[in-house]
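Residue numbering for the sequence shown follows numbering that gives the first Met the number 0, starting at 0 and increasing by one per position. One structure is given here, and the rest of the page talks about it.
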Amino acid sequence: MKRNTIRKTCIFVLAVSFLTAGLFAGCGSLTGGKSASKNTTAKDTKGRMEVRGFDWGPAVVKVTLDVPDSPLSSDLTSESVTVTEEKADASDFYSEPRIVTAVYYSDADGNRIESAGDVYLSIELQIGPEEGLLTYYDNKTCLDNWYKDYRLIVKMPDGSELAVAGDRVFPEIENASIENVFTGREGHSFRCISYEPGNASAENLRPLVIWFHGGGSGGTDPVLAMYGNRITAFLSDEFQSVMDGAYVLVPVCPTFWSQYDEEGHWNDNVGQDSIYLHDVKELIDSFVASHHVDPDRILIGGCSNGGYMVMDMLLNYPDFFSAAVPICELYEPEAVTDARISVLKDIPMWFIYSDDDKTVPPEVYERPLIEKLRAAGASNLHVSVYEDVHDTSGTYFSGKDPYVYYGHWSWIYFLNNDCRDGDLTVWEWMAAQ
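As structure tokens, this is what we get:
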């Protein structure tokens with residue numbers, strides 16, 4: 000009874016946790032509600048916004064405007080051009096200034112030019128954990144959403160204002176396939192995003208990395224799922240180089256991976272199988288059969304609600320996966336009996352969590368399970384434990400100290416390849432499995 004109470008409390012915190020560390024639209028530098036008003040005088044202008052993923056989510060880093068009638072001018076500087084961001088969530092409207100870091104004439108793709116022609120204006124914007132976020136967390140649905148009515152208001156040196164709400168481009172996933180839809184025999188459908196390495200062939204089978212996203216990224220939008228936890232890291236040159244080319248498959252759960260019945264219950268799962276279990280396995284089998292995947296190198300990872308799904312897959316298909324990375328996972332440890340531990344103990348696993356995780360308390364979930372695995376003599380078990388989750392790039396600060404994120408976000412360390420056991424990084428370990 001006590002554990003169920005803890006679980007329900009944890010899931011509620013999971014809902015509100017995504018509102019912290021810059022995702023809480025009612026805090027920080029954002030101005031919302033009645034105190035903010037939409038600009039009604041700016042001229043609508045064609046343009047495109049470049050979106051990139053960061054530890055805290057997706058942000059617009061550059062906007063390129065179509066200004067064919069504008070002469071080249073030296074008056075355009077980061078000081079003479081200002082940008083205001085407008086956006087709305089389910090209940091409020093927000094307006095905040097964006098800091099301009101560079102302004103230059105460019106081609107349509109945002110590449111700087113020095114001579115006249117088809118003229119576009121590119122504006123680069125500062126980003127950070129509390130500025131420029133494109134998504135918000137909906138407390139009612141427990142899901143991430145794109146901000147609605149997102150616009151950038153650009154004020155030129157002459158006082159004229161241009162409103163850009165144009166196309167969004169996502170360079171980090173331009174080589175991924177994002178239109179995949181799969182329906183299993185039990186009737187569950189998944190939108191998917193996948194990536195195929197250029198060196199894969201019948202003579203050079205490549206590993207497959209499967210990622211189960213966290214609870215907030217469910218729904219039907221694979222792009223949102225890719226950027227909710229910065230899964231774009233798997234498509235990066237660094238990750239692909241370490242893996243020497245790897246397939247990536249990211250299925251999007253329509254609801255929550257821990258849902259255990261067709262009535263929609265998910266936040267009191269005490270070790271029941273996911274209703275999506277068999278159809279997800281069927282999806283993976285289909286992907287493996289249609290690509291040059293090495294069947295002996297199929298790895299899975301996931302965070303939070305996705306970490307639950309990692310454990311559920313391992314318990315049901317222990318001989319299928321070569322390794323697993325459960326991050327702040329919330330599978331009920333009391334449901335993992337000695338018999339089930341004997342199934343898990345020889346699967347290479349790397350657990351990751353932070354001691355200050357209030358959403359999925361490690362003393363309730365990770366630690367008891369890890370202790371059982373160690374007691375059973377787990378042969379390839381690694382654990383990365385952190386006091387908190389903070390910026391390790393040396394770029395983002397709170398005062399003089401590194402910016403501290405919510406303790407649940409320990410996936411940040413994994414996706415930055417910061418997890419180590421001695422000299423071995425977690426990505427290197429994955430490549431060796």
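Where is the CB? At the ideal position from N, CA and C, for every residue including glycine.
Between the options, which lies nearest to residue i when the distance is taken from Cα to Cα?
{"i": "D293", "options": "V309, H407, D74 and F319", "result": "F319"}
{"i": "E49", "options": "Q125, F92, S383 and S353", "result": "Q125"}
{"i": "N416", "options": "S240, V251 and M155", "result": "S240"}
{"i": "A288", "options": "I369, P253, A201 and D74", "result": "A201"}
{"i": "V99", "options": "T424, I122 and W408", "result": "I122"}
{"i": "Q258", "options": "L368, S273 and Y104", "result": "S273"}
{"i": "T39", "options": "P57, S105 and R150", "result": "R150"}
{"i": "D337", "options": "Y352, A323 and L314", "result": "L314"}
{"i": "W408", "options": "Y352, I297, S383 and T254", "result": "Y352"}
{"i": "V403", "options": "P128, S235 and V153", "result": "P128"}
{"i": "T254", "options": "L142, S94 and P57", "result": "L142"}
{"i": "I326", "options": "I340, H277, L343 and M348", "result": "M348"}
{"i": "D148", "options": "K37, A431, Y316 and Y330", "result": "K37"}
{"i": "F350", "options": "R419, S285, M225 and Y135", "result": "R419"}
{"i": "Y119", "options": "E237, N379 and D106", "result": "D106"}
{"i": "G52", "options": "D91, Y93 and I411", "result": "I411"}
{"i": "L248", "options": "R205, H264 and S378", "result": "R205"}
{"i": "D54", "options": "I297, H264, E365 and Y226", "result": "Y226"}
{"i": "K45", "options": "I340, G165, K86 and S94", "result": "G165"}
{"i": "C252", "options": "I152, L282, Y104 and D345", "result": "L282"}
{"i": "A41", "options": "W256, V153 and Y146", "result": "V153"}
Should residue i go down as buried or exposed, given a rule of 16 or more other Cβ atoms within 10 Å for buried?
{"i": "T231", "result": "buried"}
{"i": "V269", "result": "exposed"}
{"i": "S159", "result": "exposed"}
{"i": "R184", "result": "exposed"}
{"i": "P170", "result": "exposed"}
{"i": "N266", "result": "buried"}
{"i": "N228", "result": "buried"}
{"i": "K139", "result": "exposed"}
{"i": "A374", "result": "exposed"}
{"i": "L423", "result": "exposed"}
{"i": "G197", "result": "exposed"}
{"i": "A89", "result": "exposed"}
{"i": "G406", "result": "buried"}
{"i": "D215", "result": "Going by the sequence as given, residue 215 is Gly instead of Asp. G215 comes out buried."}
{"i": "G376", "result": "exposed"}
{"i": "D311", "result": "buried"}
{"i": "E84", "result": "buried"}
Residue i by DSSP, collapsed to three states: which one?
{"i": "F23", "result": "Residue confidence is low: F23 scores 31 on pLDDT, short of 50, so the model does not pin down where it sits. Its coordinate-derived value is still stated next. Coil."}
{"i": "V241", "result": "helix"}
{"i": "S28", "result": "Since pLDDT at S28 reaches only 36, below the 50 mark, its modelled position is unreliable, and no value is offered."}
{"i": "T83", "result": "strand"}
{"i": "V12", "result": "With a pLDDT of 38 at V12, under the threshold of 50, the predicted position of this residue should be treated as unreliable, though the coordinate-derived value follows. Reduced to three states, the DSSP call for V12 is helix."}
{"i": "T231", "result": "helix"}
{"i": "G127", "result": "strand"}
{"i": "G300", "result": "strand"}
{"i": "W349", "result": "strand"}
{"i": "D356", "result": "coil"}
{"i": "E262", "result": "coil"}
{"i": "R339", "result": "helix"}
{"i": "W256", "result": "coil"}
{"i": "D278", "result": "helix"}
{"i": "Y226", "result": "helix"}
{"i": "K147", "result": "strand"}
{"i": "Y136", "result": "strand"}
{"i": "V363", "result": "coil"}
{"i": "I112", "result": "coil"}
{"i": "A322", "result": "strand"}
{"i": "K344", "result": "coil"}
{"i": "N203", "result": "strand"}
{"i": "E333", "result": "helix"}
{"i": "L75", "result": "coil"}
{"i": "E178", "result": "strand"}
{"i": "S285", "result": "helix"}
{"i": "P317", "result": "coil"}
{"i": "K33", "result": "Reliability of the predicted coordinates at K33 is poor, the pLDDT of 41 falling under 50, and no value is obtained from them."}
{"i": "V118", "result": "coil"}
{"i": "S383", "result": "strand"}
Strictly by DSSP, which residues pair up with residue i?
{"i": "M48", "result": "V62 and R167"}
{"i": "D400", "result": "S397"}
{"i": "A101", "result": "E123"}
{"i": "K154", "result": "T81 and E160"}
{"i": "L423", "result": "D420"}
{"i": "R184", "result": "DSSP, once it has assigned bridges, lists no residue as partnering R184."}
{"i": "Y194", "result": "V247"}
{"i": "V208", "result": "V247 and L298"}
Note to self: Count Cβ pairs between the region 301 to 308 and the region 211 to 222 that sit closer than 8 angstroms; are there 3 or more?
What the structure shows: Touching, yes, given that three or more Cβ pairs across the two stretches are closer than 8 angstroms.
Margin query: Check whether the region 350 to 359 and the region 390 to 398 are in contact - that is, three or more C-beta pairs closer than 8 angstroms.
Written below: The region 350 to 359, when compared against the region 390 to 398, does not touch it at the 8 angstroms Cβ threshold.
Next item on the list: Inspect the CB distances between the region 72 to 89 and the region 180 to 199 and report whether three or more fall short of 8 angstroms.
Entry: In short, these stretches do not touch, since the Cβ pair count stays below three.
Notebook entry, point to check: At a cut of 8 angstroms, does the region 56 to 67 reach the region 173 to 187 through at least three beta carbon pairs?
Noted result: Segments in contact, no.
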